[in-house]
Amino acid sequence: MEPIRYQAGELYMEGVPVSRIAEQFGTPTYLYSRQAIESAYHRFANAFSGRPAMVCYAVKANSNLAVLDLLARLGAGFDIVSGGELERVLAVGAPAARIVFSGVGKQTHEIARALEAGIACFNLESASELEHINRIAGECQKVAPISIRVNPNVDARTHPYISTGLKENKFGVPVTGARALYRTAAKMDHVEVAGIDCHIGSQITSLAPFLDAIEAILELVDELTRDGHNLRHIDLGGGIGVRYRDEPLVDINEYAGAVIQAMGRRPQELWFEPGRYIVANAGLLVARVITIKDNEGKHFAVIDAAMNDLIRPALYGAWQDVTPVVQRAGESVVYDVVGPVCETGDFLAKSRPLCIAEDDLVAIHDAGAYGFVMSSNYNSRGRAAEVIVSGDEIQCVRARETIEDQLRLEQKFKL
Ligand code: LLP
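Position in the sequence shown (first residue = 1) + 21 = the numbering used here.
Structure, rendered in structure tokens:
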């Protein structure tokens, strides 16, 4: 049975009507299906079961502790991009040996803490970062395992804000400079060349950009091997797209087949950093309709979730499905579904035919990735609650933020 579906006109997550969760925890609330997360993880991991591979879930997609715990229990590795994400992963007891540290601006204290924890690899993005990490590792009397993130100059054909593999993007080291940088790394006392890394973007919906990137990386791997480097792993990043509306999908088995075929007899372990693929379709954002209004024929449904809760529509023009939690009979009206925040950019969906009334619940679908994690307190709105559903059971895994929570860190002016 689909984990998120309609049953007799009511939206369910696993064995629980979504309306019951909204009654119990209020709105807006993020709901995640354990079954959906687990099956996405298994689909990804099983696609590579024929080869040594590590699936490092990209924590940035959804960093709730319970989500991380769930994935750690399945044996996932983790891709982190900050000291904060490192602490989250360590807090759920995941082994440091399954953590990789990505990101274009790692800070000294973050690097030192990751070295102390003993993570599997640092994905480096510049010559300066290599110097930096060698120095910090020296001070900590450690040797840092490193990969260089190579920018293969491939067009991921996705939204420009989340395309990372072109030479004009801030990420990685150009293929042409990577060889010299590996040579420099190999001479350093406090770094050890462990692998190579690449990530070309997010929400990629065709195989071709991945294949172009893999081809460029493998050519470089062969050169590096000839240069005498012992690369133990190849990290191909994340980026596999999901369906929000009618996007074509990259079939994970086809992707895996193509990667495995391209690898040929090369001995390296494969690492991946999927985020969206694991959690996007597993999440709903449930909200309540506050007001229905009509401005000279233009219809608005003002709901209690806003751009501060889910910024993807406002920031990327992203399309996410919106449906009533309990279907009602009647005519549909075309609405812009908007939040209470004071700007025109505050919309969750535009021009959607919906049959809804004030006080109804609506669900914004496929909100498990880059939803809650990108939320803010704009307009002094408390951040939403988060709930996981597992069969007939419900656990609130993050309480709704109160105004006391928001004010706790601030002070009145005293000077
Ligand atoms: N690895 C690295 C180095 C990354 O930068 C990212 C995502 C991932 C892995 C995971 O990519 P995924 O498998 O989730 O596509 N906020 C945007 C997406 C930003 C992606 C940033 N990097 C959105 O809501 O669409």
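For every residue, glycine included, the Cβ atom is placed at its ideal position computed from N, Cα and C.
Less than 7 angstroms between the CB of Pro295 and some heavy atom of the ligand LLP, yes or no? yes
Assuming Ala215 is part of the beta strand (DSSP E), what are its boundary residues? Val212 to Asp218
Quick check on Val175: does DSSP put it in helix, strand or coil? coil
So does the stretch 62-72 actually touch the stretch 382-389, counting three or more Cβ pairs closer than 8 angstroms? no
Using a Cβ-Cβ cutoff of less than 6 angstroms, which residues in the same chain neighbour Arg266 once the five nearest sequence positions on both sides are dropped? Trp340
Distance cut-off 7 angstroms: Ile183 Cβ against heavy atoms of the ligand LLP: yes
Using C-beta distances below 7 angstroms, list every residue in its chain close to Thr179, excluding the 5 sequence neighbours before and after it, in chain order. Gly222, Ser223, Gln224 and Ile225
What residue range does the alpha helix (DSSP H) around Arg64 cover? Arg55 to Ala68
In this structure, how does DSSP classify Gly36 when only helix, strand and coil are distinguished? coil
Is any non-hydrogen atom of the ligand LLP found closer than 7 angstroms to the C-beta of Asp387, if you look at the structure I gave you? no
Going by Cα to Cα distance, which pick from Tyr53, Glu160, Ile25 and Ala237 is closest to Cys417? Tyr53
According to DSSP, what are the bridge partners of Pro374? Val355
Do His250 and Trp292 have their CB atoms nearer than 8 angstroms? no
Can you list, in chain order, the residues of its chain whose CB lies under 7 angstroms from that of Gln56, leaving out five sequence neighbours each side? Pro24 and Glu35
Distance check for Phe231 and Val125, CA to CA, integer angstroms please. 21 angstroms
Anyone know if the C-beta pair for Ile415 and Ala326 falls short of 8 angstroms? no
Looking only at DSSP bridge pairs, what is Lys314 linked to? Phe321
Whole-angstrom distance between Asp233 and Asn400, CA atom to CA atom: 44 angstroms
Whole runs of the alpha helix (DSSP H) within the stretch 224-298, excluding any shorter than 4 residues: 228-247 and 273-284
Counted within 10 angstroms of its Cβ, other Cβ atoms place Pro173 as buried (16 or more) or exposed: buried
For Ser84, count neighbouring C-beta atoms within 10 Å of its own C-beta (all shown protein chains included) and say buried if the count is 16 or more, exposed if not. buried
Contact under 8 angstroms by Cβ, Leu375 with Val354: yes
Taking contact to mean 3 or more Cβ pairs, one atom from each stretch, closer than 8 angstroms, check whether the stretch 131-140 and the stretch 236-245 are in contact. no
What is the DSSP secondary structure of Ala165, reduced to helix, strand or coil? strand
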